[in-house]
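Residue numbers (the numbering used here): 236 to 623.
Printed below as a string of structure tokens:
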């Protein structure tokens, strides 16, 4: 198949999944074109079947944690024209965007300008592209753009329900969970012992990650357990988090790793992943931690309960009851036998999100739509153009 994939260049989960999907599809023999504003933070794996397309931008020096929802109009127009050119020259059968803003608009423009049946447009909603639609203007925009999409998917049942309600969809999106490469994320021996427990937190440190609560939880945990904290990533809330940890007198117990492309090597060395997000549609970080044999302590919000098996691969706490999170953390970090059981189960559970299985699900979705268009054959001119 000839497939186009649209994504952001940032370090968010939607970009990671899009780049990994594009790379894997190319390795499986498909001709893939990846469209991003600039080169993605997560590098593509080299393949002769994968081509990266970017636009010339006035300012490409953005922080990797920045998620650019509103592009300059000239860049957006260049991006649309670039995609239209590749569709025309390469006869793409599928155009699959990851994240709604601005890519649902881009897909709608492609369909509006080209007309006809090709390419089939698939859209995957990943998280804040839905939650930000609580704003009436953004909601109206997204609802209008999605009229041009042939099939909508999202990453969890919870997020599908939220999208259906907020965007007044006639049918819930198809749920295709995120995935992980189990050869990249592996666990160390569960028998490895450390001098003190190690808590890790990974995020883009945006407001939705609720990092003030992270500082408070760690402070309260430290009153009972001599645990250190590793922080991986960076973002707009990092300065405030540093200040809070300093105020608690905990700066000597915290290691700041900054932005890392290879988080697996660091995750493997942790005992517990601590999350405090106000909302997560899925939580790639939780999946990556479990694949490394690290249990997860996270709020029971959004799609997290569909990723973390409560009591088996970690523990979930009510988002509005942080005291329970503290109690659970103390229990996990002071019971070596329980922690070892959770570590073993976490790795096994992560295997249910194996990359090959999910990529095959996307392949089948693409093929079903191509066959559907071929059978209808309403526009024979278009059918002659496309090569699958």
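Note that beta-carbon positions come from the ideal geometry of N, C-alpha and C, so glycine has one too.
From which residue to which residue does the alpha helix (DSSP H) around residue i run?
i	result
residue 558	557-568
residue 379	371-380
residue 251	248-262
residue 474	473-482
residue 363	363-366
residue 455	446-457
Around the Cβ of residue i, are there at least 16 other Cβ atoms within 10 angstroms (buried) or fewer (exposed)?
i	result
residue 371	exposed
residue 358	buried
residue 442	exposed
residue 244	buried
residue 239	buried
residue 619	In this prediction, residue 619 scores a pLDDT of 41, lower than 50, which makes its location untrustworthy; the coordinate-derived value is nonetheless stated afterwards. Residue 619 is exposed by the Cβ-count criterion.
residue 497	exposed
residue 609	exposed
residue 603	exposed
residue 394	buried
residue 305	exposed
residue 307	exposed
residue 484	exposed
residue 422	buried
residue 281	exposed
residue 615	Residue confidence is low: residue 615 scores 47 on pLDDT, short of 50, so the model does not pin down where it sits. Its coordinate-derived value is still stated next. Answer is exposed; the Cβ neighbour count stays below 16.
residue 361	buried
residue 462	buried
residue 266	buried
residue 275	buried
Which residues mark the beginning and the end of the beta strand (DSSP E) in which residue i is found?
i	result
residue 330	329-333
residue 493	489-493
Tell me, please, which residues DSSP counts as bridged to residue i.
i	result
residue 534	552
residue 589	415
residue 268	239 and 286
residue 465	435 and 490
residue 410	389
residue 360	389
State yes or no: is the C-beta of residue i nearer than 6 Å to some heavy atom of the ligand MN?
i	result
residue 393	Looking for the ligand MN in the displayed structure turns up nothing, as the structure carries no ligands at all.
Using a Cβ cut-off of 7 Å (strictly closer), state whether residue i contacts chain C.
i	result
residue 367	Of the chains in the structure shown, none is chain C; there is only one protein chain.
Mind the definition here: the segment 567-582 touches the segment 538-555 only if three or more C-beta pairs lie below 8 Å; say whether that holds. Verdict: yes, contact present.
Enumerated in chain order, which unbroken segments of the beta strand (DSSP E) with a length of 3 residues or greater are wholly contained in the segment 309-356? 329-333
Contained beta strand (DSSP E) runs [length at least 3] in the segment 496-547, N- to C-terminal order: 507-509 and 531-534
Would the segment 472-483 and the segment 501-513 be scored as touching if the rule is three or more Cβ pairs under 8 Å? In short, these stretches do not touch, since the Cβ pair count stays below three.
Contact between the segment 525-534 and the segment 395-414 is defined here as three or more beta-carbon pairs at a separation below 8 Å; is this criterion met? No contact exists between the segment 525-534 and the segment 395-414.
Three or more C-beta pairs under 8 Å: does that hold for the segment 554-568 against the segment 384-391? no
Does the segment 583-593 come close enough to the segment 559-570 that 3 or more CB-CB pairs lie under 8 Å? no
Any 3 or more C-beta pairs closer than 8 Å across the segment 249-261 and the segment 328-339: yes
Evaluate contact between the segment 427-436 and the segment 458-472, counting only Cβ atoms and requiring at least three cross-stretch pairs below 8 Å. yes
Is the segment 301-318 close to the segment 338-354, with three or more CB pairs under 8 Å? yes
Taking three-plus beta-carbon pairs below 8 Å as touching, is the segment 258-276 in contact with the segment 589-604? Taking 8 Å as the limit for Cβ pairs, the verdict is that the segment 589-604 does touch the segment 258-276.
Specify whether the segment 366-380 and the segment 347-354 touch according to this definition: at least 3 beta carbon pairs, one from each stretch, less than 8 Å apart. Touching, no.
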